[in-house]
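Just so we're aligned, residue 77 is where the sequence shown starts under our numbering, counting upward by one. Ideal Cβ placement from N, Cα and C applies to all residues, glycine included. The structure presented is a predicted model; accordingly, all values stated were derived computationally and were not measured.
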Amino acid sequence: MAQSMYPIDIPVINRLAYMVSLINQKATGRPEQFASKIGVGKTRLTELINLIKKSGVEIEYDRTQESYLFAQGKKYSFQCRIVEKS
Numbered sequence: 077m078a079q080s081m082y083p084i085d086i087p088v089i090n091r092l093a094y095m096v097s098l099i100n101q102k103a104t105g106r107p108e109q110f111a112s113k114i115g116v117g118k119t120r121l122t123e124l125i126n127l128i129k130k131s132g133v134e135i136e137y138d139r140t141q142e143s144y145l146f147a148q149g150k151k152y153s154f155q156c157r158i159v160e161k162s
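What follows is the structure, encoded as structure tokens:
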């Protein structure tokens, strides 16, 4: 069995998928609420948002809607897959 270059952290994968779902629904709430919904502190929330942003996805916080949103009203799905290496 081949070893992965990166450790697989299932809780982080699940958390990222849940974050994307909440952002799509505009249901994150304020940063403190969002962090609580996904079971992390505000610092870890910021780290996870930055991780998503590193993939090229623009995320912004809308104070009037009190929710994080994907830029330009876009919607995303979170997918994790295992592919065979050549």
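Whole-angstrom distance between residue j and residue i, CA atom to CA atom
i: TYR152; j: ARG120; result: 21 Å
i: PRO87; j: ALA93; result: 10 Å
i: TYR144; j: ILE128; result: 12 Å
i: PHE154; j: GLY132; result: 13 Å
i: ASN126; j: LEU98; result: 16 Å
For residue j and residue i, believed in contact at Cβ under 8 Å, the rounded distance
i: ALA111; j: LYS118; result: 5 Å
i: ILE114; j: ARG139; result: The Cβ separation is near 20 Å, so there is no contact.
Extent of the continuous beta strand (DSSP E) run through residue i
i: GLU136; result: 135-138
Residue interval of the alpha helix (DSSP H) (run including residue i)
i: VAL96; result: 86-100
Nearest residue (CA-CA) to residue i, options the options
i: THR104; options: ILE89, GLU142, GLU123, ASN126; result: GLU142
Any chain B beta carbon closer than 8 Å to residue i
i: ALA147; result: Given the protein chain composition of this structure (a single chain), no chain B is represented.
May I have a chain-ordered list of the alpha helix (DSSP H) segments no shorter than 4 residues that lie completely inside the segment 114-157? The qualifying runs are 118-130.
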